[in-house]
Every structure is written in C-alpha cells, then in structure tokens.
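Below is one structure, written out as structure tokens, with a few remarks after it.
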Amino acid sequence: MIGLQQIATAAQDIIQICEQKRTNKADKAKLLKLQAAIFTHIEALTECEICGSITDLVVTMTIEPVTAKLCKDCGINAIEAGKIKKPVPRKRSTRTLQQNIPTTKKKSSQQQASPDNAGLYTEVEKQTSLKKTDIKRLHKIIQEIAGPMNLENTVLYVEREVELAKLKIEQDALRTAVALLMAA
Ligand SMILES: [Zn+2]
C-alpha cells in the first residue's frame, strides 16, 4: 500500500480538508504536509524498464545476465520466459537519413522561373516579332548556360545554338531577344 495508493489517499485528505465548512491555520499546515507527502511519493515512483509503467510494485530483478527494474506484470512475464528482454532504445539510423537526402527534389531555377514568364515572352514578342515558341527556346538556351556570361558572349552562344537547332531567327531580333531575356 505504498506509492500510487498513498498519493491517492493524500489527495483524498486534501479534498476533505478543502470541503470543510470552515478551515483554519491548522488546516493550511495539514495541506502543506499532504502536498509534501504527495510530492515525495511521486518522486519515489519508479518506471518499469520494460513497459514504462509507473507503479510502486517495481522491483529490481536479475535473470542472468540482465538486471532490470520491472513492474509486477513484466516481472511475472520475465520469470515465465526465463529471461529479461529490455527494449532496445531506437537509434536514429544514419543510413535512413542519407537515403532521404537524394529523394528531396531540388527545384531547378528553370521551374521556379517559368510561371512568371508569360509577360516577359509577350514583351519580347512585341519588340522582336519573333514567335513565342522561338522566344521560349531562346530563353531555355540562355537558362542552360552553366556560368554567368556577358551579353556579347551570350549572344554568340545563343546564335550558335540556334544554328545547331536550325532555327531561323534574324540576328537583330535574336540580339534584342537575348538582351531582354537576360535582363528579366
Ligand atoms: Zn512493466
């Protein structure tokens, strides 16, 4: 009759005192004493190392080679099984963490840029009278350039790509388009 039951008994005593019609200084002292008792009992509660339950019935049991504090139920189970099987603390596997990294898709700058480009393409279309499909292709070529380049080099690069793709784009229009697309 220790532990949880003592806590319950003390709690009931507290309720009784609180429900009195009149309370006095002595009652306050009793309340403090009961509260201290409850605190001590709570601190004395021990956790079963197998199921985690907190009862006053936790006993230290040894079944070679394992020693553990067990509640009544787990103690009986351990005796019946002839061994104590402590739960292994779950380690965060570094392998799962490493596996998770590549699956996180990186948003490419291209994907991020695409939704806002409609206005840009319309503007380039107005100034160059190029077809939107061609403008998009030019933009894609520019975006695929790995490192930053100045306008001249970008124009040369794009011209070459356009040639390779056998697109018919006038040089002036191409230059203007590249400048606009780069500035965007
Ligand atoms: Zn247990």
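Here the sequence shown stands for residues 93 to 276, numbered as in this note's numbering.
Quick reminder that beta carbons are idealized off the backbone N, C-alpha and C, glycines included.
Note that the structure is predicted; figures quoted are calculated from it, not measured.
Contact between the region 248-258 and the region 206-220 (3+ Cβ pairs under 8 Å): no
From Ile233, Thr132, Cys140, Leu123, residue whose alpha carbon lies closest to that of Lys179: Looking at the sequence itself, residue 179 is Pro, so the reference to Lys does not match. Per the Cα distances, Cys140.
Buried versus exposed call for Cys143 [16 or more other C-beta atoms within 10 Å across all chains shown]: Its Cβ having fewer than 16 others within 10 Å, Cys143 is exposed.
Ile130 beta carbon less than 8 Å from that of Ala102: yes
Assigned exposure category for Ile107 - 16 Cβ within 10 Å defines buried: exposed
Near ligand 1: Leu96 beta-carbon under 7 Å from a heavy atom: no
As assigned by DSSP and simplified to three states, the class of Gln202: With a pLDDT of only 48 at Gln202, under 50, the local geometry of the prediction cannot be trusted, and the value read off the model is given with reservation. Gln202: helix per DSSP, three-state reduction.
Sequence-distant residues of the same chain with beta carbon closer than 6 Å to Ser200, five excluded per side: Caution is warranted here: a pLDDT of 47 is assigned to Ser200, below 50, making its placement in the model unreliable, and the coordinate value is therefore given only provisionally. Nothing meets the Cβ criterion.
Check: Asp119 C-beta below 7 Å from any heavy atom of ligand 1: Remark: the shortest separation between the CB of Asp119 and any heavy atom of ligand 1 does not fall under 7 Å.
Cys110 Cβ short of 7 Å to ligand 1 heavy atom set: no
With 16 other Cβ atoms within 10 Å as the buried cut-off, status of Ile99: buried
Contact check, Asp119 vs Ile109, beta carbons under 8 Å: yes
Exposure of Val158, with buried meaning 16 or more beta-carbon neighbours within 10 Å: When all chains shown are included, Val158 counts as exposed.
First and last residue of the uninterrupted alpha helix (DSSP H) at Lys122: 117-136
Distance between beta carbons of Cys166 and Leu149, contact taken as under 8 Å: Rounded, the Cβ-Cβ distance is 10 Å, inconsistent with contact.
Cut-off 6 Å between Cβ atoms - residues of its own chain near Thr138, not counting five sequence neighbours on either side: Val150, Lys161
Contact under 8 Å by Cβ, Ile261 with Thr246: No, they are not a contact pair.
Within 8 Å, strictly: CB atoms of Glu215 and Leu272: yes
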